[in-house]
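Taking numbering that gives the first Met the number 0, the leading residue of the sequence shown gets 0, the next gets one more, and so forth. Take a look at the structure below.
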Amino acid sequence: MPRPRKCRRVEYLPGVTYFKPAGIPLRDLEEVRMSIEEAEAIRLKDLEGLEQEEGAEKMNISRPTFQRVLTSARQKIADVLLNGKAIRIGGGSFEMTWSRFRCQRGHEWELETPVRTIPKQCPVCREHDVQSLQPVRMGRRHGRGMSNMTQRTAD
């Protein structure tokens, strides 16, 4: 019996979740699916420039698992680019984490370690109306994205 799969931590959700080659009708394209976790691994390693150990720690997974997720994501990206396919980003088993917050009175603060729940009150004024400042979308605001999400699992 395989071990239960750990829920992976994700800090950002992409703002654009579908890409296709220009000039080719959608009906003529094969589609590749990339999970949110795979997109997060690409973001951490290739955009943020983190080492694999750091990326694995941020996602709450082992370094070998991070390597497997990253390799899978890179293979999908290569397939899409070199074979003229469309790619859809979404699904998977993950939980959102946040590290930047603002209270209703305007105080902003950042935690060194991302958390899974928004703090109940501001550390400065004890205001209870606190919101996350963590962006949940990257890139332009085209396509479909999800926000205010704490956990999402694949269909």
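Yeah, the Cβ is synthetic: ideal placement off N, Cα and C, and Gly gets one too. Quick caveat: nothing in here was measured; it's all calculated off a predicted structure.
Asked, Found
"Residue ranges of each alpha helix (DSSP H) within the region 37-66, 4 or longer", "51-58"
"Environment of C124 [buried if 16+ CB atoms lie within 10 Å]", "exposed"
"R87 versus T96 - alpha carbon distance", "23 angstroms"
"Three-state secondary structure (DSSP) of S34", "coil"
"Contact set for R7: own chain, Cβ-Cβ below 7 angstroms, skip 5 residues either direction", "E36, M58, N59, I60, S92 and F93"
"Touching by the beta-carbon criterion (3+ pairs, under 8 angstroms), the region 100-116 and the region 34-51", "no"
"Sheet register partners of Q130 (DSSP bridge)", "R101"
"Among I117, S98 and R62, nearest to E111 - alpha-carbon criterion", "S98"
"Beta-carbon separation (whole angstroms), R32 vs G90, contact threshold 8 angstroms", "7 angstroms"
"Closest residue to T116 among V9, P13 and M0 (Cα-Cα distance)", "V9"
"DSSP three-state assignment for H123, whether helix, strand or coil", "Before going further, note that residue 123 is Val rather than His in the sequence given. Looking at V123 - three-state DSSP - the assignment turns out to be coil, as it is neither helix nor strand."
"C-alpha distance - I76 paired with A85, whole-angstrom precision", "10 angstroms"
"Coarse secondary structure for R73, derived from DSSP in three states", "helix"
"Cβ-based neighbour list, E30, same chain, cut-off 8 angstroms, excluding 5 preceding and 5 following", "K84, A85, I86 and R87"
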